[in-house]
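Chains as they are written, first to last, in the working numbering: chain A, 1 to 296; chain B, 1001 to 1296.
Note that CB positions come from ideal geometry on N, CA and C, so glycine has one too.
None of these values were measured; they are calculated from a predicted model.
A quick write-up on the structure given underneath.
Number of protein chains: 2
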Amino acid sequence: MRDYTIGIDLGGTNLRVALVDKNGTILQELERSTEPEKGPEFVVRNMVEMIQSVKGDHQVDSVGIGSPGPLNPRTGVIIEPPNLTGWSNVPIVEMLQKAINIPVTLDNDANAAALAEATIGAGAGHESVFYITVSTGIGGGYIIENKVVQGAQGYAGEIGNMIVVPNGRKHSNLNPGALEALSSGTAIAHIAEEKGITGGTAEVFRLAEEGNDVAREIIDEALTYLAIGIANLTHAVNPDVFVLGGGVMKSEKQVLEPLREKVKNLLYPGLRDSIKIVPAGLGSKAGVVGAALLPR
Amino acid sequence: MRDYTIGIDLGGTNLRVALVDKNGTILQELERSTEPEKGPEFVVRNMVEMIQSVKGDHQVDSVGIGSPGPLNPRTGVIIEPPNLTGWSNVPIVEMLQKAINIPVTLDNDANAAALAEATIGAGAGHESVFYITVSTGIGGGYIIENKVVQGAQGYAGEIGNMIVVPNGRKHSNLNPGALEALSSGTAIAHIAEEKGITGGTAEVFRLAEEGNDVAREIIDEALTYLAIGIANLTHAVNPDVFVLGGGVMKSEKQVLEPLREKVKNLLYPGLRDSIKIVPAGLGSKAGVVGAALLPR
């Protein structure tokens, strides 16, 4: 019986480890700085210590890790994530399994959060859930019947690289006009800076709230492109619900309401009354809870 | 044992009915003009006659219908397809079931063809298949483990309405800049006409083959937008294989080769060597065979 599993949320800044029961409830949780620059062996040692500590006397038969991508969930290798500095082809599953002698599962952090939201969060009770996280970047996870759709090479849900404007704005190594280059927190901050607004995404939202036209327009445009992405996903796979997570898209009034209107206008009439776009329900716990659900 | 099923391919022009065995092989097949303008009762009477005729002495325990959409696969109602003139909210499943006393399943024609291609056609042996048909319109079907992904409201695979150019070319009731408005046979013919080439899509391809620059550019642009659609679907659900059907996209040299190159350039490096785009394998039989596979 898989009554208890360990979830590990391996972030660029923080490392969280939790003991989670079969309902997705956290019983024990620990957090440390990740310090990825000290190398994978150092981080794995920390993981082992933290697992021992949260586990206590509980019988645990599997461990799940949510990590920044790119990674290979089948081989258990973290390839070369931009926010795990210096890590390259790290066989994290093998390393951790050897140390603790418990089966370990790896997936990317957006898939882990998606699984948590679909299973016990804002998407619970729906057959299919598309989770979209908008923070510094844009990621996603597609869940059918409480299972992550990985895709053939593990790239399902990598919607930050979907093109919404051919030959549009270019951002890091993504396609020109990719969704992440137009609607992410980083994109909003960059576009704002070009228009003389400094202070980042939060400042743009604050100014828009106050009625600043330039700020309003920047947000409106970011939402227009996000709406195109969501409408395109609807006409591709028509999920029961979209769950929006991440730091940027929290505000019901500034984000979710106008976004729903924009999406509706881009759908077949038969879909307009049934489209569901809801805010994530688990906040920052989604990553570690989802990681614990991965092995199930 | 479901050894034999009946497949019905209900087209705007032709009505096909076939007896199909469990391997997807057609044992008997009949074709008549659909004559949708004579009304659903007339067409259902024809279906019944044709079923009796192809059935012979075989034990048949289910019937599948592939029909133009929009339709509701759950209620079995054909809503109002543009190429079934005069049909509006036709409860085709109920009508046919009453007449033959065998369970009937309904789905749209692109999903039926997708299922056939995924099960015994060009996508056979793959876990997930995205079928794309490019003819007068653009449709699709997404299959996981030999089952159609319907989506919450049955709109999964309606990729003709995916936006590839915001505020782009407008076509029928679709979104401005929808894929179908840019890459379908109809779109190619319209764009060609505006540039002085008459004679439809086939003529554009013929001229391009001969080296006509205007014709080449029209096809190149249509393929560029189709490549964006395929790249976006890859970053959304990363299927094992894309199967391309329909009258327009047959040519390996004029279509498939340049299309593959274009798609590769729009993918994460980790996907470039693994993307598979193959031509459909079943030709015009896909519809009726897929319809027969629907009830399984």
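Contact between the region 1011–1030 of chain B and the region 129–139 of chain A: three or more CB pairs below 8 Å? no
Would you say Asn-943 (chain B) lies against chain A (beta-carbon separation less than 8 Å)? With chain B represented from 1001 up to 1296, any question about residue 943 (chain B) goes unanswered, as that position is not in the structure.
Is there a Cβ of chain D sitting closer than 8 Å to that of Tyr-155 (chain A), yes or no? No chain D appears in this structure, whose protein chains are A and B.
Please confirm whether Thr-119 (chain A) has its beta-carbon closer than 8 Å to some beta-carbon of chain B. no
Hey, Met-1050 (chain B) and Val-1017 (chain B) are a contact pair by Cβ (cut 8 Å); roughly how many whole angstroms apart? At roughly 4 Å, the Cβ-Cβ gap stays under 8 Å, so Met-1050 (chain B) and Val-1017 (chain B) are in contact.
9 Å Cβ cut-off: residues of chain B touching Glu-221 (chain A): Result: empty, since nearest Cβ-Cβ is about 10 Å, beyond 9 Å.
Could you tell me the alpha carbon to alpha carbon distance between Asn-1175 (chain B) and Val-165 (chain A), rounded to whole angstroms? 15 Å
Three-state class that DSSP yields for Gly-7 (chain A) in the structure shown: strand
Give a yes or no on whether the minimum CB-CB distance between Pro-166 (chain A) and chain B is below 8 Å. yes
How long is the line joining the alpha carbons of Glu-1221 (chain B) and Asn-1232 (chain B), rounded to whole angstroms? A straight-line Cα-Cα distance of about 17 Å links Glu-1221 (chain B) and Asn-1232 (chain B).
Using a C-beta to C-beta distance shorter than 7 Å, which residues of chain B count as neighbours of Pro-70 (chain A)? Result: Gly-1270.
Quick one: is Tyr-1142 (chain B) near chain A, going by C-beta distance under 8 Å? yes
As an exercise, report each continuous beta strand (DSSP E) stretch of at least 3 residues that is fully enclosed by the region 1076–1108 of chain B, in chain order. 1104–1108
Going by C-alpha to C-alpha distance, which of B:Pro-1081, B:Asn-1111, B:Asp-1061 sits closest to Asn-1101 (chain B)? B:Asp-1061
Within 10 angstroms of the Cβ of Asn-1265 (chain B), are there 16 or more other Cβ atoms? Answer buried if so, exposed if not. The C-beta of Asn-1265 (chain B) has fewer than 16 other C-beta atoms within 10 Å across all chains shown, which makes the residue exposed.
Out of curiosity, what's the CA-to-CA distance linking Lys-250 (chain A) and Leu-256 (chain A)? Computed Cα separation, rounded: 8 Å.
Same chain only: Cβ atoms within 6 Å of Asn-83 (chain A), ignoring 5 sequence neighbours per side: Gly-12, Pro-68
Compare the C-beta of Gly-1151 (chain B) against all C-beta atoms of chain A and say whether one is closer than 8 Å. yes
Asn-1309 (chain B) by DSSP, collapsed to three states: which one? The question about residue 1309 (chain B) has no answer, for chain B in this structure spans 1001 to 1296.
Starting from the Cα of Glu-1031 (chain B), find the closest Cα among B:Glu-1037, B:Lys-1038, B:Pro-1040, B:Leu-1019 and give me that residue. B:Leu-1019
Helix, strand or coil at Arg-1074 (chain B) [DSSP, three-state]: coil
For the region 203–215 of chain A against the region 237–247 of chain A, are there 3 or more C-beta pairs whose distance is under 8 Å? They do not touch, by the three-pair rule.
Evaluate Pro-269 (chain A) with the Cβ neighbour count: other Cβ atoms within 10 Å of its Cβ, from every protein chain shown; 16 or more gives buried, anything less gives exposed. Counting C-beta atoms within 10 angstroms of its own C-beta, Pro-269 (chain A) has fewer than 16 neighbours from the protein chains shown and is therefore classed as exposed.
So, does the region 1148–1160 of chain B touch the region 1195–1213 of chain B, judging by three or more C-beta pairs under 8 Å? no
Phe-205 (chain A) burial status per 10 Å Cβ neighbour count (16 or more: buried): With 16 or more other Cβ atoms within 10 Å, it is buried.
Local Cβ density within 10 Å of Ser-1128 (chain B), reported as buried at 16 or more and exposed below that: buried
What are the start and end residues of the alpha helix (DSSP H) that includes Arg-1216 (chain B)? 1213–1237
Can you check whether the CB of Leu-294 (chain A) is closer than 8 Å to the CB of Asp-107 (chain A)? yes
Find the residues of chain A that neighbour Glu-1231 (chain B), judging by a C-beta separation of less than 7 Å, and give them in chain order. Strictly speaking, residue 1231 (chain B) in this sequence is Ala, with Glu absent from that position. Ordered by position in chain A, the residues that pass the 7 Å Cβ test against Ala-1231 (chain B) are Ile-163.
CA-CA distance, Ala-189 (chain A) and Met-1095 (chain B)? 58 Å
Ends of the alpha helix (DSSP H) at Thr-296 (chain A)? For the sequence presented, residue 296 (chain A) should be read as Arg rather than Thr. Segment: none, Arg-296 (chain A) is in no alpha helix (DSSP H) and carries neither H nor E.
Identify every run of the beta strand (DSSP E) within the region 145–214 of chain A, keeping only runs that are complete inside it and at least 3 residues long; order them along the chain. none
Please state if the CB of Pro-1036 (chain B) and the CB of Val-1043 (chain B) are separated by a distance shorter than 8 Å. yes
Supposed contact pair Ala-236 (chain A) and Ala-1291 (chain B) - C-beta distance, whole angstroms, cut 8 Å: The pair is not a contact, with the Cβ atoms about 23 Å apart (cut-off 8 Å).
For my contact list, Ala-112 (chain A) and Val-48 (chain A) are in at a C-beta cut-off of 8 Å; report their separation, rounded to the angstrom. Their Cβ separation, rounded to whole angstroms, is 20 Å, which puts Ala-112 (chain A) and Val-48 (chain A) out of contact at 8 Å.
Going along chain A, which residues have a C-beta under 7 Å from His-1235 (chain B)? The answer, in chain order, is Tyr-155, Glu-158, Ile-159, Asn-161, Met-162.
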